[in-house]
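Counting in UniProt numbering, the sequence shown runs from 1 upward without gaps.
For every residue, glycine included, the Cβ atom is placed at its ideal position computed from N, Cα and C.
Report on one structure; see the data block that follows.
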Amino acid sequence: MLGRRSARVTSSSSARGLGDMATEADVRARLQRAGQGHLLRFWAELGPGPRAALLAELAPLEPDALREHCASAAEACARAPGPTPGLAARLRPLSPERVGSASRSDPETRRRWEAEGFRQIALNKVAVLLLAGGQGTRLGVTYPKGMYQVGLPSGKTLYQLQAERIRRVEQLASERHRTRCTVPWYIMTSEFTLGPTAKFFKEHDFFHLDPANVVLFEQRMLPAVSFEGKAILERKDKVAMAPDGNGGLYRALADNQVLEDMERRGVEFVHVYCVDNILVRLADPVFIGFCVLRGADCGAKVVEKAYPEEPVGVVCQVDGVPQVVEYSEISPETAGLCGADGRLLYNVGNICNHFFTRGFLQRVTREFEPLLKPHVAVKKVPYVDEEGNLVNPLKPNGIKMEKFVFDVFQFAKNFMAFEVSREEEFSPLKNAATATRDNPSTARRALLTQHYQWALQAGAHFLDAHGAQLPEQPILPQNEDPPAICEISPLVSYSGEDLEACLQGHKLWSPFILNEDQARVLRTQEA
Ligand SMILES: CC(=O)N[C@H]1[C@@H](OP(=O)(O)O)O[C@H](CO)[C@@H](O)[C@@H]1O
């Protein structure tokens, strides 16, 4: 595991010691310089423990950077909220030569991409990098989203599914090339998620991955700011801090020397993805191979956007340069525009699955990161009022500043988008069960539908609890559960491959879990 850094605000030049080294007077003077003296207003009431904790939190805040951060948050928030003014006139759809498609390519081309991806994996040149610093607010859990289990028959969590897909893709590449290879797993956490994630992995024995190949590192935190430009105290002894967005990746890479670690391992290509997509194909050989063969330095996997309000960013051009316009920043009019074919004009939906060469990431961390503009999110931030009462605001009262991981696309020399099928590759877990979309049931259904379909394609038949054969529905209407429950371990099949040998002609009782042992037995049994 790489070195853990303490949370710091914006400046990288002020790696001061933690609280035990800083005095109150020193911290007070620095805060005053930043116009944030109010953060110590309950000092006199605090006991020794809370005082030390508060100093430890405040000491690393670099005064100029803090002042700048608070001022720019208030300024950005004062500008009209919602869609970026004047954006519509600067937008164009992505030019077709920048978009490849898995579903609309012939099988031979797909095979070529896949073969190239496996070749690079077998050469140990591919790593995956998970963005897992988020707080899971919409999902409504207090622990990292990756630890969530959506209620699959196996009870597997998102982290376990991902770990097993890594093991399987390593195995497939190793078998093809008669070698042993590794896909290192870099996991960006935050102050909220580092501790519980590290503990969870240890408790689960790293899901049988070699711990040396699972690298946890931490992104920075930034104070939430009031509309008046004041950092918010969430308790008398604690500043309200939030992770600096998934675009905090680039600073975190530099802070923790992650690219150096990749270089030592010989990694050239990195698949970056966010934690919540239950169907995510880690180190997807088809996507990697496509990007490598097209000479892309930066790529994005995309799906066709389903409806104008869908909360996905759209990949397009702004002033002629490939970029993502986030769902929170596009106007409803622009989002609803249709092209001549009747489909949405801006229909290239970002699924937060990105390809980067290590060289590109190096350029970003060295040259471009400071040019990334933070985005403003206005949120309800619990705070202490002047009398020291804890208040849970009913309306948004605070500003969180976040960078977006995709904002580096504009610096790419050769950006490529790669379209895949939504049913096969995208079902994000964003919301709690009460929401109608992107919730635990929709994620569970998406995975189980896929596995049911793979099993049918491999020639399996399903029986109910009484032994009666269940109807076979290779195509299912949306929002409908498959007639049989079948869950296939990623250790047996990564994307539907190698299933005939164990399923062809077999009659399986629903619910059915195909794990490695079960697969071994079925392979030796007559159907
Ligand atoms: C900053 C960022 O990466 N936003 C991404 C990300 O959205 P969130 O709502 O932040 O989870 O995932 C979406 C896909 O699930 C993607 O469409 C969107 O552009």
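- In this structure the region 261 to 272 does not touch the region 92 to 112; the number of beta carbon pairs closer than 8 Å is below three.
- By the neighbour-count criterion, in which 16 or more other beta carbons inside 10 Å mark a residue as buried, Tyr250 falls on the buried side.
- For a cut-off of 8 Å, the C-beta gap from Arg176 to Ala122 is around 7 Å, short enough to register as a contact.
- For Glu326, the shortest separation between its Cβ and any heavy atom of ligand 1 lies below 8 Å.
- About 30 Å separates the CB atoms of Arg220 and Asp205; that is not less than 8 Å, and the two are not in contact.
- Pro382 and Leu429 have their C-alpha atoms some 25 Å from each other.
- Judged by their CB atoms, Pro322 and Leu94 are nearer to each other than the 9 Å cut-off.
- Between Ile278 and Leu491 a beta carbon distance of about 16 Å is seen, past the 8 Å cut, so the two are scored as non-contacting.
- CA-CA distance, Tyr494 to Asn414, rounds to 29 Å.
- Non-local beta-carbon contacts of Pro285 in its own chain, meaning distances under 6 Å to residues more than five positions away in sequence, involve Glu114, Gly117, Phe118 in chain order.
- In the DSSP annotation of this structure, the continuous segment of the alpha helix (DSSP H) that includes Phe200 starts and ends at 194 to 203.
- Taking 8 Å as the cut-off, one finds at least one heavy atom of ligand 1 near enough to the beta carbon of Val312.
- For Phe406, the distance from the CB to the nearest heavy atom of ligand 1 is below 8 Å.
- Segment contact: the region 353 to 363 against the region 187 to 195, fewer than three CB-CB distances shorter than 8 Å; contact not assigned.
- Look at the beta carbons and you see the region 332 to 346 touching the region 297 to 312: at least three pairs across the two are nearer than 8 Å.
- With contacts defined as CB atoms closer than 9 Å, Gly299 and Phe404 fail to qualify as a contacting pair.
- For Val27, the enclosing alpha helix (DSSP H) stretches over residues 24 to 33.
- Not one heavy atom of ligand 1 sits closer than 8 Å to the Cβ of Ile278.
- DSSP places Gly133 in the coil class of the three-state scheme, outside both helix and strand.
- Of His461, Cys316, Gln504, Leu131, the smallest CA-CA separation from Asn353 is found for Leu131.
- Rounded to the nearest whole angstrom, the CA to CA distance from Glu367 to Gly295 is 21 Å.
- Straight-line measurement puts the Cα of Glu472 at about 29 Å from the Cα of Gln162.
- For Gln36, the three-state secondary structure derived from DSSP is coil.
- Scanning its chain for C-beta atoms nearer than 7 Å, with the 5 sequence neighbours on each side dropped, one finds around Pro83 the residues Glu329, Ile330, Ser331, in chain order.
- Under the DSSP assignment, Met416 falls in the beta strand (DSSP E) whose first and last residues are 415 to 419.
- In the three-state reduction of the DSSP assignment, Gly299 falls in the strand class.
- Around the beta-carbon of Val420, 16 or more other beta-carbon atoms lie within 10 Å, marking it buried.
- A straight line joining the alpha-carbon of Pro153 with that of Ser510 spans about 11 Å.
- Using a Cβ distance threshold of 9 Å, Lys379 and Ala224 count as a contacting pair.
- In the DSSP assignment, Cys338 falls outside any beta strand (DSSP E), carrying neither H nor E.
- Within 8 Å of the C-beta of Cys298 there is not a single heavy atom belonging to ligand 1.
- For Phe287, the secondary structure class from DSSP, reduced to helix, strand or coil, is helix.
- Contact between the region 55 to 62 and the region 23 to 39 is present: 3 or more CB-CB pairs across the two stretches fall below 8 Å.
- Between ligand 1 and Gly349, a heavy atom-to-CB distance of less than 8 Å is present.
- Distances between the C-beta of Lys199 and the heavy atoms of ligand 1 are all 8 Å or more.
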